[in-house]
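Residue numbers (my numbering), protein chains in the order written: chain Y, 1 to 136; chain Z, 1001 to 1136. Read through the structure below, which is laid out as C-alpha cells, and then see the notes.
2 protein chains.
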Amino acid sequence: MLSKKTKYGLKALTYLASQKENTPVQIAEIAENENISQKFLESILLSLRKSGFLGSKKGKGGGYYLIKEPKEILMTDVMRILEGPIAMVPCVSLNFYEKCDDCPNEAVCSVNKLMLKVRDANLDVYRNNTLADLII
Amino acid sequence: MLSKKTKYGLKALTYLASQKENTPVQIAEIAENENISQKFLESILLSLRKSGFLGSKKGKGGGYYLIKEPKEILMTDVMRILEGPIAMVPCVSLNFYEKCDDCPNEAVCSVNKLMLKVRDANLDVYRNNTLADLII
DNA sequence: GTTTACTCTATTAAGTTGATGGGGTAATTA
DNA sequence: TAATTACCCCATCAACTTAATAGAGTAAAC
C-alpha cells in the first residue's frame, strides 16, 4: 500500500511542476487544491527540500518551488525519499540492503528469488519515469 | 514491505513443492525447517487451504499437501491471497478497485498515472511466475 | 518592526502486524 | 470404540507505524 506521505508528496510535486512560472507556491495553496492536511504536507515538503528537490523562500510571497526541471526528477529518487526502499524485502534492496533476520541463506530462498524479479520490474518503471511524465 | 505472512506462506508453499512425494507434511515440520512461528504458520496454511491451494489431512500421518501442480499455481493468485491487492492504490486495482477518498478525479491524478504503470509491471512478474519457478 | 510563512518538536489516536495461549474437533489407528 | 494425533478456531497483547494536530520558534520580506 502506498503511504499517504508518498501520495501527497507526488501530488505536491506535480502541482509545482504544473505551474506556469516556477515562482514560490505557498503550502496552504497546495494543501487546499490537493485535499491535503496542511500540517502533514508541511513535513513532507520539508523533507523534499532537504533531499534537494525543492527550494523554499520565507516571508511574504514565499513558498516552495522546484529546484530542478521536472524531466530531471527521476521517480526512483522521489520514491526512495518518500516511500523508502523500492524492494519489498531488505535482502534484495540496492540502496537499503540488509540480511533478513529469519532467513539463513539468501541463495536458496524462494522469496528472495521472486522479490528480485519484482524489484527489477519496479525499478524499470521508476527509472523510466520522471516528474514530467506525471503531468496530465 | 512484504509482510511476514506472505513471506512465510511462500516459504511453506515452496517447502511443500520441494517434497519428493506429495504426502501430507506436518505444520511442525515446516515451521521448524523454515524458522517460522508454528502458531502463525497454522493460520497461514489454513487460509491457503481455504483458498484452494492446499489440502489437509487430520489424524496420525496428517498434515498439509499441495492440491495442484506447482507450475499451475500462479503468483498472482498466491500474492492476492497472502498479501492482498497487487496495486499500491485502490484506484488502480483490478480485483479490489475502490475510489480514493481524497482524490476527486482519477483521470487527472498523477499518482494514478504512475501507479498504473507500477501495477502492470508487477502483474507481469506475478503472471509469469508459478510456484515451480521459485524452487531452487 | 511587523507580518508572513517556513521550521521544528512533541503528542496522540487509530490501525496493523506478528506472536502466543488455550480449548475444541475431526479423523486415523489400534 | 477409545485414545491419539494434528488440524481448527477464538481471544488476547505488545510493538510498531501512520496520519493528523497543536504550538512555539525563526528567518525574510515589506
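For glycine and all other residues, C-beta sits at the position ideal for the given N, C-alpha and C.
Asked                                                                                                           : Found
Integer Cβ distance of Tyr-1064(Z) from Asn-1022(Z), believed to fall under 8 Å                                 : Rounded, the Cβ-Cβ distance is 11 Å, inconsistent with contact.
For Lys-57(Y), the first and last residue of its enclosing beta strand (DSSP E)                                 : 54-57
The stretch 56-63 of chain Y in contact with the stretch 121-128 of chain Y per 3-pair CB rule at 8 Å           : no
Option nearest Arg-1080(Z) by Cα separation, candidates Lys-1071(Z), Ser-1037(Z) and Asn-1095(Z)                : Asn-1095(Z)
At least 3 beta-carbon pairs within less than 8 Å: the stretch 8-24 of chain Y vs the stretch 76-92 of chain Y  : yes
Contact check, Leu-1054(Z) vs Leu-1048(Z), beta carbons under 7 Å                                               : yes
Residue-chain proximity (Ile-1044(Z), chain Y), Cβ-Cβ < 7 Å                                                     : no
Cβ pair Ile-71(Y), Ala-132(Y) closer than 7 Å                                                                   : Correcting the residue type first, residue 71(Y) is Lys in the shown sequence and not Ile. Taking 7 Å as the Cβ cut-off, Lys-71(Y) and Ala-132(Y) qualify as a contacting pair.
Leu-54(Y) at chain Z interface by Cβ criterion, 7 Å                                                             : no
Cβ pair count under 8 Å reaching 3, the stretch 1086-1101 of chain Z against the stretch 1110-1126 of chain Z   : yes
Test: Lys-1057(Z) CB closer than 7 Å to a CB of chain Y                                                         : no
Candidates Thr-14(Y), Leu-46(Y), Cys-100(Y) and Lys-20(Y), of which the one nearest Glu-34(Y) by Cα             : Thr-14(Y)
Nearest candidate by alpha-carbon position, reference Val-1092(Z), set Glu-1106(Z), Asp-1101(Z) and Gln-1026(Z) : Glu-1106(Z)
C-alpha gap between Ile-1030(Z) and Leu-46(Y), whole angstroms                                                  : 47 Å
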